[in-house]
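Just so we're aligned: 128 in this note's numbering is position 128 of the sequence shown, and the numbers increase by one with no gaps anywhere.
Read the structure below first, then the notes.
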Amino acid sequence: MQIIPAIDLKDKNAVRLSQGKMDSVKIYSTNPVELALSFMDMGASYLHIVDLDGAIHGSPKNLEVIAQIAKDTRLKIQVGGGIRNEETICKYLELGVHRVILGSIALSNPQFAKEMADKYKIIIGIDAKDGYVATQGWDKQEDILAVSFAKEFKDSNIEAIICTDIARDGMLNGVNVEFTKEIAKNSGKFTIASGGLSSQSDVDELYKSHVDGVIVGKAFYENKLDLKMLFCKYLD
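Below is the structure:
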């Protein structure tokens with residue numbers, strides 16, 4: 001199972017939110033590059049980065065920081081947040097990003113997402129409120145069920161799906177394992193759980209449920225689990 005530490009960027013700082021609410025922002029590091037290097041030293045192979053400013057504005061806002069992380073580490077970086085066109089996808093890949101996450105644009109134009117997946121390493125981000133897809137930095141709730149949206153990519157060439165239960169994100173109250181399993185079942189794709197991870201037992205439950213990967217965010221920053229030990233236990 002892939003254990004993927006996360007860095008959410010806002011104003012060039014590494015932060016975390018609760019349930020995606022911008023007024024809940026908490027800064028954990030003013031040096032995201034140093035933080036990424038520490039993840040690599042712990043044994044990480046992958047790094048999940050979200051440009052929160054980009055998600056709100058619809059275009060990249062923390063390119064400089066992400067470029068530096070890509071340059072200074074050997075991590076396989078996946079980036080999401082405000083990626084709405086092929087030009088931005090190419091820009092990130094040229095910086096050394098390993099794969100790109102499409103969210104809002106994948107919902108409004110799934111054909112575009114599939115076409116990009118035929119050419120580049122693309123992940124689909126499915127974020128849900130009460131089971132329904134949320135977009136535009138989680139500000140807008142759509143009228144399509146997340147599991148139905150996941151089916152759209154069953155026969156595509158996307159690399160993976162990251163699914164987030166927004167109600168649990170940043171709350172440290174446990175991952176929605178059943179939701180993750182439903183996304184995996186309906187998409188048939190490599191599925192990465194996100195939102196609510198709180199302890200070692202959550203990771204164990206995901207592993208027993210044959211979930212492919214998990215994003216580790218606030219649980220690490222709040223010292224709820226030993227990330228280095230996770231990398232040793234679950235080879236990624």
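Don't be surprised by glycine CBs; every beta carbon is placed ideally from N, CA and C.
Keep in mind the model is a prediction, meaning the values are calculated, not measured.
Worksheet item: Along the chain, where does the alpha helix (DSSP H) that runs through serine 156 open and close?
Response: Element bounds for serine 156: n/a, residue is neither H nor E.
Discussion item. I need the DSSP call for tyrosine 207, collapsed to helix, strand or coil.
Written reply: If DSSP states are grouped into helix, strand and coil, tyrosine 207 belongs with the helices.
Discussion item. On the DSSP letters alone, give me the boundaries of the beta strand (DSSP E) that proline 60 sits inside.
Written reply: Proline 60 -> no beta strand (DSSP E), and no H or E assigned at all.
Discussion item. Measuring only the C-alpha atoms, how far is alanine 117 from valine 216?
Written reply: Approximately 25 Å, taken between the alpha carbons.
Practice prompt. Please say whether glycine 131 and aspartate 169 have beta carbons closer to each other than 8 Å?
Written response: Taking 8 Å as the Cβ cut-off, aspartate 169 and glycine 131 do not qualify as a contacting pair.
Worksheet entry | Through-space distance from isoleucine 66 to glycine 43, alpha-carbon basis | Counting only the Cα atoms, isoleucine 66 lies some 20 Å from glycine 43.
Worksheet item: Applying the criterion that 16 or more other CB atoms from any shown protein chain within 10 Å of the CB defines a buried residue, is lysine 12 buried or exposed?
Response: It counts as exposed.
Discussion item. What does the alpha-carbon distance come out to for the pair valine 214 and threonine 88?
Written reply: Distance between the alpha carbons of valine 214 and threonine 88: 25 Å.
Discussion item. For the structure I just gave you, are there three or more beta carbon pairs, one from the region 220 to 234 and one from the region 186 to 193, closer than 8 Å?
Written reply: The region 220 to 234 makes no contact with the region 186 to 193: fewer than 3 CB pairs, one atom from each, lie closer than 8 Å.
Worksheet item: Using CA coordinates, which residue listed in Lys151, Gln68, Ser199, Val211 is at the minimum distance from proline 110?
Response: Of Lys151, Gln68, Ser199, Val211, the residue nearest in Cα terms is Lys151.
Practice prompt. Using a threshold of 8 Å, state whether the C-beta atoms of serine 18 and methionine 229 are closer than that.
Written response: Cβ distance not < 8 Å, so serine 18 and methionine 229 don't count as in contact.
Worksheet entry | From Ser108, Pro60, Ile7, residue whose alpha carbon lies closest to that of leucine 95 | Checking every option, the nearest Cα to that of leucine 95 belongs to Pro60.
Worksheet item: In the region 69 to 131, which residue ranges form an unbroken beta strand (DSSP E) of at least 3 residues, counting only runs that do not cross its ends?
Response: List check, beta strand (DSSP E) in window: 76 to 80, 99 to 102, 122 to 129.
Worksheet entry | Buried/exposed call for lysine 218, threshold 16 Cβ in 10 Å | Lysine 218 comes out buried.
Worksheet item: Looking at C-alpha atoms only, which residue of Ser45, Ile158, Ile101 is the closest neighbour of arginine 84?
Response: Comparing alpha-carbon positions, the option among Ser45, Ile158, Ile101 lying closest to arginine 84 turns out to be Ile101.
Worksheet item: Which residues mark the beginning and the end of the beta strand (DSSP E) in which aspartate 14 is found?
Response: The identity of residue 14 in the sequence shown is alanine, whereas the question assumes aspartate. Alanine 14: member of the beta strand (DSSP E) spanning 13 to 18, first to last residue.
Worksheet entry | Residues near glutamine 141 by beta carbon distance below 6 Å, same chain, minus five either side | Contacts found: Lys129, Tyr132, Ala134.
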